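S.K.: Residue numbers (my numbering): 440 to 569.
The beta-carbon is built from N, C-alpha and C at its ideal position, and this holds for glycine as well.
Just so it is clear, the structure is predicted and the values come from calculations on it, not from any experiment.
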Amino acid sequence: MKAITIKQPWATLIAKGYKEYEFRTWKTKYRGDILIHAGKGIDKKAMNRFENLNLEYPNGCIIAKAKITDCIYVDNKFVSEIVPKNSEVYKGLINKDNWNGYGFKIEDVEEIEPIQINGKLSLWDYDYKI
Numbered sequence: 440m441k442a443i444t445i446k447q448p449w450a451t452l453i454a455k456g457y458k459e460y461e462f463r464t465w466k467t468k469y470r471g472d473i474l475i476h477a478g479k480g481i482d483k484k485a486m487n488r489f490e491n492l493n494l495e496y497p498n499g500c501i502i503a504k505a506k507i508t509d510c511i512y513v514d515n516k517f518v519s520e521i522v523p524k525n526s527e528v529y530k531g532l533i534n535k536d537n538w539n540g541y542g543f544k545i546e547d548v549e550e551i552e553p554i555q556i557n558g559k560l561s562l563w564d565y566d567y568k569i
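#1: Taking the straight line between their C-alpha atoms, what separation do you get for PRO553 and ILE501?
#2: Within the continuous beta strand (DSSP E) that includes VAL518, where are the two ends?
#3: Evaluate the contact criterion for the region 463 to 472 versus the region 481 to 489: three or more CB pairs, one atom per stretch, below 8 Å.
#4: Taking only the alpha-carbon atoms, compute the straight-line gap between THR451 and TYR496 and give it to the nearest angstrom.
#5: Is it the case that the Cβ atoms of ILE445 and ILE475 are separated by a distance below 8 Å?
#6: Give a yes or no on whether the C-beta atoms belonging to ILE473 and LYS441 are separated by under 8 Å.
#7: Provide the residue(s) that pair with GLU546 in DSSP beta bridges, ordered along the chain.
#8: How big is the Cα-Cα spacing for GLU459 and LYS544?
#9: By how many angstroms is the C-alpha of ASN557 removed from the C-alpha of ASP564?
#10: Near LYS504, what residues of its chain come up, given a Cβ to Cβ distance below 8 Å and the 5 sequence neighbours on each side ignored?
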């Protein structure tokens, strides 16, 4: 199964249903099942921003399975539509003036028992039995 490594707190925010897009500078044609891997990297500024949620943020492990259902070019229209949906998560995350990339639409998220493993760049394969 494909997996994607995401820094904390973003991986947990996806696993808990707060964040429905993962943003990357590259696009993917892949659609289908994906494992969400919480990398060892931490976005410290974002961690402070979400401390009020009182969530646990494991790292170095797969924490959820989901589906990538779309890959959308992030333009001003997309930003203007997504920020009002959840400004706590998306406001300030994308500054369209200096960022060029894509939003991977993540759906059907299901948390799983954490699986300790090192992550990798891009989409990578992990032998996971559904």
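M.R.: Well, looking at it:
#1: 5 Å
#2: Unbroken run through VAL518 is the alpha helix (DSSP H), 515 to 524; no beta strand (DSSP E).
#3: no
#4: 6 Å
#5: yes
#6: yes
#7: LYS506
#8: 6 Å
#9: 12 Å
#10: MET440, ASP472, ILE473, LEU474, ILE475, VAL548, GLU549, ILE551, TYR567 and ILE569
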